[in-house]
Structure formats: structure tokens, C-alpha cells
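Each remark here refers to the structure printed beneath this line.
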């Protein structure tokens, strides 16, 4: 009953097998192998256009280097107040941009409010050197609380980005989970809505260590090869990342893994909704479920073998948790099995 994080799950067997096969023989390093080139072309086909893709080892690296690529002196990037890059990346985006700031933007359901975003951008008038200058907007899809930006919501934020000539970045650590839930293609959930850069995550969805930074306009990434090298993210034996993506994208494996994780979350959510001893904090739309439990019951579940994390209530939901209650996050993955979900629901009662 492991619902701590999809990072706890291992690698899918098909990906492990491809890693083993790639370990034999010799191959050009630093992204120059035939396999690297093949997967780069596959990303072009995936996004239905000529893009620039760079492999990195972590989602934090992808997010940080995305901002570093569009950095400006005194730069300010706008993200949701509870975005992963703001709360859970230990200042890495600021470090790799040499001090550019992250400006929090409020919004319900883990999503940036367009009105609040515009108001925050207006706090940095052009040529006012003391304030700094806007340089990017970042949204998280799926969000940190398991909700999804609908296409029209992404378009609304993209329109603001275009008005202020700011690149729009998407933190897609759970890109696949959002994609299958919305029933969109990668192109339809990114550049066709106005997204310029995507942190394309695969590690949470069955890979061992495979993340990609995708630029819809290759010219925007002209300095990224040097930025990535300087950040120690140019992997020498990059074929071991490329081969993971080869297996991941083959025959829609990545989408099937995400569908399974989402289905297990829906099963879990349904059980919690019917429990007399817990309530859903909000509706889950991907593979993260949030519930409110009595602290003693949460402790008892953990003692009985369930793994999950307590979670800070969103600032936009004051009064969500009362008295001796606790908000918990339960994450499903490609490796979550239905009997594990059912055992948890039975123990919850």
C-alpha cells in the first residue's frame, strides 16, 4: 500500500530491458549517438513540429535550465504560489539563473489565476530598474494538487504571456498523466495552446532516470547546450537516457502507464468518497488524491503498512482541515495494483 509518491515506483520491465540492451558495445557519447538522434527525431514527430530537445537527469534540472535559457538581468518568473519549482526545488531555479526571482501568483485549485497573473506582471513596469524585469511564466501540468489546467485555461495564460512577450513554460513532471486525462496530444496540450517550453517528465511514469527539456522554437535554445554543460547536466553516456525514451514512447507504453496510474487514483478516490472516516479534499484529475482524515486514523493506517505523506493545506483553502484532522496526499503509479488500493480502502473503513 505504497501511496507515498510515484518516485517510489521502480522502472517498467520494458525500460529495464532496453537499458540492459544498451549497455553492450560502444556508442558515441554526449548525445552524438545514432540512438540519441533517433529519439530527437521521435520527439519532433511526437510534438508535430521541428523542436529542440535536450536530455537531463532530473525534473529540477529541466525546470531550472528552462528558466536559465530565457534569463534576463533582474529577471522575474511567475508561477503558482505552491508550484514545485517555488516550494520544492531548494532554490535551484534561482541558482541556475544566477539570482533571477520566482514571483508567486495566487489561484484556486493549484492553478494560476489569469487576473492575478496580469496584476503581478504589472508590478514590474518597464524601465523601472529597481524592480527587475519579467522573463517567463511557468505552469505545472498536472498541478501540485493533482488538478489540471483545461485547454482554455492554458490559452488564457498564453495570451497574457504573448501580450507581455514572455515565454510560457510548462512543468510536465506528470505530463503523461495530464495528457491522457484530457485526451489531448502533446502538440494539443503545448504549443497549439501557446506553450513555448516543456519539461517533459518520464521518471515518475516508469523510467529509471529520463527527463527532457523541449523547446518549441529551437532558436530559443541556442545557448542551452552551453548552459546544460555548465550545469553538469550533459550526460556522457546519454544513450542510457535515450534508450529509456525509446522504450517509453514505443507503441504508446508511456500513455498506457499513465492511464493505469490515473485509473488506480480514480479507484482510490471512489473508495475514499464512500468512506465514513475520510473525505476528499477536492476532486483528483490525474494520479494524486488528497483526503482529510482524523490524525489518529491516519497514524493507524501508517502503522498497518500504508505509506503516504501529510500535506500542507493550500493557502487558497483556509479551514479545509479542522481540529485533529490532517490533509494527506496519496499518489498512484504505473506499479500500483488494484488489490493494494482495495486493501487501503478496507482498512480505512
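Numbering (the working numbering), first residue to last: 1350 to 1698.
For glycine and all other residues, C-beta sits at the position ideal for the given N, C-alpha and C.
All values derive from a computational prediction rather than experimental measurement.
With 16 as the cutoff for other CB atoms within 10 Å, does residue i come out buried or exposed?
i: residue 1478; result: exposed
i: residue 1611; result: buried
i: residue 1412; result: buried
i: residue 1498; result: buried
i: residue 1632; result: exposed
Which residues in the same chain as residue i place their Cβ atom closer than 6 Å to its Cβ, once the five residues preceding and following it in sequence are excluded?
i: residue 1638; result: 1614, 1617, 1618, 1679
i: residue 1470; result: 1483, 1513
i: residue 1369; result: none
i: residue 1496; result: 1458, 1459, 1634
i: residue 1355; result: 1553, 1680, 1682
Which same chain residues end up closer than 7 Å to residue i when comparing Cβ atoms and leaving out the 5 residues on each side of it in sequence?
i: residue 1457; result: 1665
i: residue 1389; result: 1402
i: residue 1421; result: 1482, 1484
i: residue 1589; result: 1368, 1371
Can the beta-carbon of residue i be found less than 8 Å from the beta-carbon of residue j?
i: residue 1353; j: residue 1656; result: yes
i: residue 1569; j: residue 1405; result: no
i: residue 1358; j: residue 1683; result: yes
i: residue 1536; j: residue 1549; result: no
i: residue 1547; j: residue 1507; result: no
i: residue 1640; j: residue 1629; result: yes
i: residue 1450; j: residue 1425; result: yes
i: residue 1505; j: residue 1475; result: no
Identify the residues that DSSP records as bridge partners of residue i: which are they?
i: residue 1643; result: 1674
i: residue 1446; result: According to DSSP, which records beta bridges pairwise, residue 1446 is partnered with nothing at all.
i: residue 1487; result: 1518
i: residue 1637; result: 1680
i: residue 1659; result: 1677
i: residue 1653; result: In the DSSP output, where bridge partners are listed per residue, residue 1653 has none listed.
i: residue 1383; result: Answer by DSSP bridge pairing: none, since residue 1383 is not bridged.
i: residue 1401; result: 1564
i: residue 1482; result: 1424
i: residue 1351; result: 1656
Using a Cβ-Cβ cut-off of 8 Å (strictly less than) and excluding sequence neighbours within five positions of residue i, which residues of its own chain qualify?
i: residue 1603; result: 1525, 1551, 1554, 1555, 1597
i: residue 1620; result: 1690, 1691, 1693, 1694, 1697
i: residue 1534; result: 1397, 1528
Beta-carbon of residue i versus every beta-carbon of chain D: anything under 8 Å?
i: residue 1364; result: In the structure shown, chain D cannot be found, because there is only a single protein chain.
Identify every run of the alpha helix (DSSP H) within the stretch 1501-1578, keeping only runs that are complete inside it and at least 4 residues long; order them along the chain. The qualifying runs are 1524-1531.
Which residue spans inside the stretch 1417-1478 form an unbroken beta strand (DSSP E) run of at least 3? Correct list: 1424-1429, 1450-1454.
Identify every run of the beta strand (DSSP E) within the stretch 1597-1635, keeping only runs that are complete inside it and at least 3 residues long; order them along the chain. Taken in chain order, the complete beta strand (DSSP E) segments of 3 or more residues contained in the stretch 1597-1635 are 1627-1629.
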